[in-house]
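Numbering (the numbering used here), first residue to last: 374 to 546.
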């Protein structure tokens with residue numbers, strides 16, 4: 374799923390929680406490395422500013438080998454093992470303020486597990502390079518990407534319409 378889609382889903386699900394923005398920021402956390410990598414690639418001339426609109430996962434996967442640190446950060450950010458360590462830490466009183474962020478991060482891993490086909494993440498990294506391949510992908514045509522985009526896009530439009538309606542009702546009451 375695209376990064377901002379993670380954020381919208383978590384915003385919708387946690388919008389009434391006091392720490393809504395921690396959930397949202399956490400839900401997009403594993404993909405922040407892509408934004409840093411894109412900015413660096415722009416400055417190095419490896420991506421043109423005009424290409425940002427049509428930037429897709431294939432392009433990102435083609436650029437990643439040029440940035441070994443980004444590959445490592447991607448592996449660590451999408452690892453259930455690493456996430457689990459932070460989840461245990463977040464259960465300690467000293468770190469309990471991070472729980473919403475960590476839960477948001479975990480939701481990202483869950484959704485990615487359900488929406489990554491051939492190019493699945495290595496969820497057990499650094500213990501293993503095994504991947505869980507979903508029968509559905511958000512961008513690979515051979516894994517029902519078209520159907521997924523229709524369903525996900527429709528649901529997101531409905532969510533946005535509902536959020537606008539909810540805000541409008543609050544304003545008039």
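Glycine residues also receive a C-beta, built at the ideal position from the N, C-alpha and C atoms.
Proximity of residue i and residue j at Cβ, strictly below 9 Å
i           : j           : result
residue 495 : residue 448 : yes
residue 473 : residue 379 : no
residue 393 : residue 443 : no
residue 505 : residue 491 : no
Among the options, the one whose alpha carbon lies nearest that of residue i
i           : options               : result
residue 414 : 400, 437 and 430      : 437
residue 411 : 541, 374, 440 and 398 : 440
residue 469 : 500, 382 and 395      : 395
residue 458 : 445, 422 and 497      : 497
8 Å contact criterion, which residue i and residue j should meet: CB distance rounded
i           : j           : result
residue 488 : residue 507 : 6 Å
residue 323 : residue 475 : Limits of the chain in this structure are 374 at one end and 546 at the other, which puts residue 323 out of reach.
residue 374 : residue 511 : 5 Å
Cβ contact (3+ pairs, closer than 8 Å) linking the stretch 506-517 and the stretch 531-543: no
Cβ pair count under 8 Å reaching 3, the stretch 439-456 against the stretch 478-489: yes
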